[in-house]
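In this note's numbering, the protein residues as written are 386 to 705.
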């Protein structure tokens, strides 16, 4: 070794969201070639696999100056850390380099494993598990007890979309996702028919693939209308429903319900006259049917009009 060579520090990051032991080939090469391998995380999932591979790992990480000294003479020191790195150590090395007092070793960041898209969902599942086990409020919740929150969060999501607030949209999407994760976690505890978030995802994946034969199969779809026709045809085969009204949730907003029922009837080729009466409900039904037939979402249209009226009220109050 060259006594003048300041050596090399390798920060090897390994995501805890990837199965332990699955490291990149450059990472394994660096580990086997290193003069020292350090790890400051006693619970680092990679440690058993590194030792099994014959790599000696020294627990603990020295401060910046001690680490620089350990590299003197051309030595290579590998620091195994989590996917977020070791911020205190890198800050210390940056301060030392900025002082100009020492000759710094080469510093290399070597990702040993990468988070795949969606990896943070694993963290979400772990957080939900802990909250369900330790939070007095969360641990007592049931599907029925949570139902109202799903409706509330869906409305808040719609409002964020209508407002065009990107930050709010991101937060509200998270709140809707929480409902899915929460219900799936509760479902794991059912004694008769338990299922998990993985089961929910598997069912959804199977459904999406089956209903998109133009993407995953041999069928073709040139237009959005073709896609919609594929979807309806496949869904009808899957559900084997006795009536076109089956599966239409009656608890949805009334205008949306009216539009959905008239749409189902028209798609099925059923010529069913609208009921008549003097009650405003019948007139609203006719308006909803007409809007749906002309390609307008009556629920969204009325919401937009109501929001415009809300703005007019605020302007009249002088608070707009």
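Glycine included, each C-beta is placed from N, C-alpha and C at the ideal position.
So, at 6 angstroms on beta carbons, what are the nonlocal neighbours of residue i in its own chain, with the 5 sequence-adjacent residues on each side left out?
| i | result |
| --- | --- |
| residue 402 | 500, 504 and 507 |
| residue 491 | 393 |
| residue 445 | 425 |
| residue 684 | 638, 640 and 641 |
| residue 435 | 442 |
| residue 598 | 604 |
| residue 406 | 434 |
Using the C-alpha atoms, what's the distance from residue j back to residue i?
| i | j | result |
| --- | --- | --- |
| residue 442 | residue 413 | 13 angstroms |
| residue 671 | residue 659 | 7 angstroms |
| residue 554 | residue 693 | 21 angstroms |
| residue 606 | residue 464 | 53 angstroms |
| residue 590 | residue 596 | 10 angstroms |
| residue 711 | residue 564 | The question about residue 711 has no answer here: the residues shown for the chain are numbered 386 through 705. |
| residue 600 | residue 473 | 48 angstroms |
| residue 357 | residue 482 | Residue coverage of the chain in this structure runs from 386 to 705, which leaves residue 357 outside it and unanswerable. |
In this structure, how does DSSP classify residue i when only helix, strand and coil are distinguished?
| i | result |
| --- | --- |
| residue 553 | helix |
| residue 520 | coil |
| residue 605 | coil |
| residue 633 | coil |
| residue 627 | coil |
| residue 464 | strand |
Using a Cβ-Cβ cut-off of 8 angstroms (strictly less than) and excluding sequence neighbours within five positions of residue i, which residues of its own chain qualify?
| i | result |
| --- | --- |
| residue 370 | In this structure the chain extends from 386 to 705, so residue 370 is not present and cannot be described. |
| residue 573 | 579, 580 and 581 |
| residue 547 | 688, 689 and 692 |
| residue 633 | 642, 645, 646 and 649 |
Output needed for residue i: all residues of its chain with C-beta closer than 7 angstroms, excluding positions within five of it in sequence on either side, in chain order.
| i | result |
| --- | --- |
| residue 686 | 676 |
| residue 448 | 477 |
| residue 516 | 523 |
Below 8 angstroms on the Cβ atoms is my contact criterion, and I expect residue i with residue j to pass it. Report the Cβ-Cβ distance as a whole number of Å.
| i | j | result |
| --- | --- | --- |
| residue 457 | residue 391 | 7 angstroms |
| residue 453 | residue 487 | 6 angstroms |
| residue 587 | residue 497 | So it is not a contact: roughly 29 angstroms between Cβ atoms. |
Assign residue i to buried or exposed, taking buried as 16 or more other Cβ atoms, counted over all protein chains shown, within 10 Å of its Cβ.
| i | result |
| --- | --- |
| residue 621 | exposed |
| residue 640 | buried |
| residue 431 | buried |
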